Amino acid sequence: DMEPGKEFSATVAADATPGPIIMQALRTGQEFVTHAQIPERLSARLLVLIEELVGNILRHGTKGMAISLRFVIRLREDGAVEIDMEDDGCAFDPTAERGFDRPDAETGGGVGLALVRSWASEMTYRRDEGRNRLRLLLN
Numbered sequence: 002d003m004e005p006g007k008e009f010s011a012t013v014a015a016d017a018t019p020g021p022i023i024m025q026a027l028r029t030g031q032e033f034v035t036h037a038q039i040p041e042r043l044s045a046r047l048l049v050l051i052e053e054l055v056g057n058i059l060r061h062g063t064k065g066m067a068i069s070l071r072f073v074i075r076l077r078e079d080g081a082v083e084i085d086m087e088d089d090g091c092a093f094d095p096t097a098e099r100g101f102d103r104p105d106a107e108t109g110g111g112v113g114l115a116l117v118r119s120w121a122s123e124m125t126y127r128r129d130e131g132r133n134r135l136r137l138l139l140n
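Numbered per our numbering, the sequence shown spans residues 2 to 140.
Next comes the structure, spelled out in structure tokens:
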């Protein structure tokens, strides 16, 4: 009932620079939008979300340890794009963290989460067997 998804996975060393991993993740997103032929507005948002979420995981989830992350992007029959993302970094529930609705004017922090929240029509999180699992719906 669902298109096979486009999958990305990476294991990142503790001292790795996030940049190259984010670029690889974005390439996966780009391959998905090209193949699925989704509208430009949606594909632009998807790529920003991938960059923000993967960047967040790599910058805040590692606490000096290696981390593994993966995501799968699927096009649903109703035209919505579903993203399932998981990582084994520190517990972080983006649906519950408060004070992130507005970016911090001093640091610029929180912009990513504010975007994720405003663009996702659905967003669910659970911590399961030491992994963060986040599902987002974009339409």
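Think of the CB as a built atom: it goes at the ideal place given N, C-alpha and C, for glycine as much as any other residue.
Every value quoted in this text rests on a predicted model; they were computed, and no experiment measured them.
Residue range of the beta strand (DSSP E) that residue i falls in?
i: glutamate 83; result: 82 to 88
i: arginine 71; result: 68 to 76
i: threonine 125; result: 123 to 129
Kindly list the residues whose CB is nearer than 7 Å to the CB of residue i, restricted to its own chain and excluding five residues on each side of it in sequence; keep chain order.
i: glycine 6; result: Val73, Ile74 and Arg75
i: isoleucine 51; result: Ala26, Leu27 and Gly30
Considering only their Cβ atoms, is the gap separating residue j from residue i smaller than 7 Å?
i: leucine 139; j: leucine 47; result: yes
i: alanine 121; j: alanine 67; result: no
i: valine 34; j: isoleucine 22; result: no
For residue i, I'd like the list of residues in its chain whose CB is within less than 8 Å of its CB, leaving aside the five on either flank, ordered along the chain.
i: aspartate 2; result: At aspartate 2 the pLDDT is 46, less than 50, meaning the model places this residue with poor confidence; the figure from the coordinates comes in the next sentence. Hits under 8 Å: Glu78.
i: glycine 56; result: Pro19, Ile23 and Gly113
By the three-class DSSP mapping on this structure, what secondary structure does residue i have?
i: isoleucine 39; result: coil
i: alanine 11; result: strand
Starting from residue i, trace the alpha helix (DSSP H) both ways and give me its first and last residue.
i: alanine 115; result: 112 to 120
Skipping 5 residues on each side, what residues in its chain have a beta carbon closer than 6 Å to that of residue i?
i: phenylalanine 9; result: Ala26, Thr29 and Phe72
Is there contact here, the region 126 to 140 with the region 86 to 99, by at least three beta-carbon pairs under 8 Å?
When Cβ pairs closer than 8 Å are counted between the two stretches, the region 126 to 140 is seen to touch the region 86 to 99, the count reaching three or more.
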